[in-house]
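First residue of the sequence shown: 7, per my numbering; consecutive thereafter.
Cβ atoms here follow ideal geometry from the backbone N, Cα and C, with glycine treated the same way.
I have placed the structure first, in the form of structure tokens, so that the comments after it can refer back to it.
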Amino acid sequence: MNKNNNNNALRSQTPFMSENHPLNPYGNNFIDHPYESKIFYKFNSVKQYVHLQEDDQFRISKYSAYFAFGLGGTLIGTIGGFQLLLRYIFKPYYTNAYEHLNQYKHLYLGLLVASSVTFMYTYLTTLYIENVSRPLLYKYLDEAKNNGFQDYEISFKQQ
């Protein structure tokens, strides 16, 4: 028996579905995701097997609203801030820089918007996972198993 068959035999003896199991709802590349993403995806799977309490539903709604309004506010704030900087700082005091920025406004605005929204997306995703996905996953996992959820382990390291 080669090494691969030994691993498959050992894996089939555990009560958990492996991360690269074909029945894993997120496919066999799930093993390559970061740990926080795996927590998020597993919680979304568990949610389908349980009835969430009202305060937990409110928590999910609240952090989803933070996410949506945070990204929208960052987008609008970045565009508005850039326009205000051009008009009230660069135009009266830094004329050469203003002419350059105004000529290539769409390039600089695009870079600024992309970087600020990416930063805010990363921050809000981490906030959602730490305050919603992780605590509620551990709270509802046993109930989901009783209702038919096939559990699988989450590895801490990418392989």
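Neighbourhood of Tyr129 by C-beta, 6 Å cutoff - its chain only, sequence neighbours within 5 removed: Closer than 6 Å at the Cβ level, and outside the excluded window around Tyr129, lies no residue.
Span separating the alpha-carbon of Thr101 from that of Gly79: If you take the alpha carbons of Thr101 and Gly79, they lie about 29 Å apart.
DSSP-derived helix/strand/coil call for Tyr104: Helix at Tyr104.
From Phe46, Arg65, Pro141 and Phe73, residue whose alpha carbon lies closest to that of Phe125: Of Phe46, Arg65, Pro141 and Phe73, the residue nearest in Cα terms is Phe73.
From Glu60, Ala103, Glu136 and Val52, residue whose alpha carbon lies closest to that of Phe155: For the residues Glu60, Ala103, Glu136 and Val52, the minimum Cα distance to Phe155 belongs to Val52.
Exposure label - Leu143; buried when at least 16 CB within 10 Å: With 16 or more Cβ atoms within 10 Å of its Cβ, Leu143 is classed as buried.
Neighbourhood of Val58 by C-beta, 8 Å cutoff - its chain only, sequence neighbours within 5 removed: What sits at residue 58 in the sequence shown is Leu, not Val. Cβ neighbours of Leu58 beyond the five flanking positions: Ile66, Leu142 and Tyr146.
Nearest neighbour of Leu81, chosen from Tyr94, Ile95 and Leu115 [CA to CA]: Cα-wise, what sits closest to Leu81 is Leu115.
Cα-Cα separation between Phe46 and Arg140, rounded to whole angstroms: If you draw a straight line from the Cα of Phe46 to the Cα of Arg140, it is about 7 Å long.
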